[in-house]
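> Taking the numbering used here, I'd label the letters of the sequence shown as residues 2 to 180.
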Amino acid sequence: MEPIHELLQNRYSPRAFDTRPVAKETLRTLFEAARWAPSSFNEQPWRFIVATQEDMAELERLVSCLVPGNQTWAKKAPVLALSVAKLRFARNDEPNRHAFHDVGLAVAQLVTQATALGLAVHQMAGFSVEAARTTYAIPEGFEPVAAIALGYSAEEAPASRTRRPQDELVFHGQWETPF
Numbered sequence: 002m003e004p005i006h007e008l009l010q011n012r013y014s015p016r017a018f019d020t021r022p023v024a025k026e027t028l029r030t031l032f033e034a035a036r037w038a039p040s041s042f043n044e045q046p047w048r049f050i051v052a053t054q055e056d057m058a059e060l061e062r063l064v065s066c067l068v069p070g071n072q073t074w075a076k077k078a079p080v081l082a083l084s085v086a087k088l089r090f091a092r093n094d095e096p097n098r099h100a101f102h103d104v105g106l107a108v109a110q111l112v113t114q115a116t117a118l119g120l121a122v123h124q125m126a127g128f129s130v131e132a133a134r135t136t137y138a139i140p141e142g143f144e145p146v147a148a149i150a151l152g153y154s155a156e157e158a159p160a161s162r163t164r165r166p167q168d169e170l171v172f173h174g175q176w177e178t179p180f
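#1: Taking the straight line between their C-alpha atoms, what separation do you get for VAL85 and ALA78?
#2: Look at the alpha carbon of ILE149 and the alpha carbon of ALA121, and state the distance between them as a whole number of angstroms.
#3: DSSP state of HIS6, grouped into three classes?
#4: Among residues of its own chain, excluding the 5 on either side of GLY142, which ones have a beta-carbon nearer than 7 Å to its beta-carbon?
#5: Got a sec? Which residues, its chain only, sit under 6 Å from GLN124 by beta carbon, not counting five neighbours each side?
#6: Alpha carbon to alpha carbon, how far is LEU9 from ALA59? Give it in angstroms, no decimals.
#7: Quick one: residues in its chain with C-beta nearer than 6 Å to the C-beta of ILE50, no 5 flanking neighbours on either side, listed in chain order?
#8: Give me whichever residues DSSP pairs with GLY152 in a beta bridge.
#9: Would you mind working out which of ALA35, SER14, LYS25, ASP168 sits nearest LEU106, comparing C-alpha positions?
Here is the structure:
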């Protein structure tokens, strides 16, 4: 098997961020990478709400949506964001059962671009959907997906990281028949 690209191999999710700010143009580059993600019917159902340390009150509003365990470390990140999915197709108003998948693809591209630029990203499921919806007046038909901490890592990448073996994840022809 050939090695995977180092951007994918070296990516990790830190819980400690350097206090250095992330330039607005750099953030725009990250969200541009997300914007070019593939999506079902090219719907592009992702939306992002961003808060930076340049406006601490806004950053604290997003921190308030996180569960206490994530608040402890994420409040020190220079950038926090919230990914949001549009739940219905614009073309026919039918439910888009792929919306969360598509948001995940957009965030994956953001993460890969961030890694290429020397930044680190940590996604969090530990947040209150209702608090986010209320805090940001997210309209009906949109659903908060994940909170995102972003910045320059202040910790070393773990020396060893584990992943399940491919045989547990990839099957051939039928369930649990290793590829």
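All residues carry an ideal CB built from backbone N, CA and C; glycine is no exception. All values reported here derive from a predicted model rather than from experimental measurement.
Short version:
#1: 20 Å
#2: If I take the Cα positions, the gap works out to 10 Å.
#3: The answer is coil: DSSP assigns HIS6 none of H, G, I, E or B.
#4: Here the set comprises LYS87, LEU88, ARG89.
#5: ALA147, ILE149
#6: Correcting the residue identity first, residue 59 is Glu in this sequence and not Ala. Cα to Cα, GLU59 sits roughly 31 Å from LEU9.
#7: LEU83, TYR137
#8: Paired residue(s): ALA121.
#9: Here the closest residue by C-alpha is ALA35.
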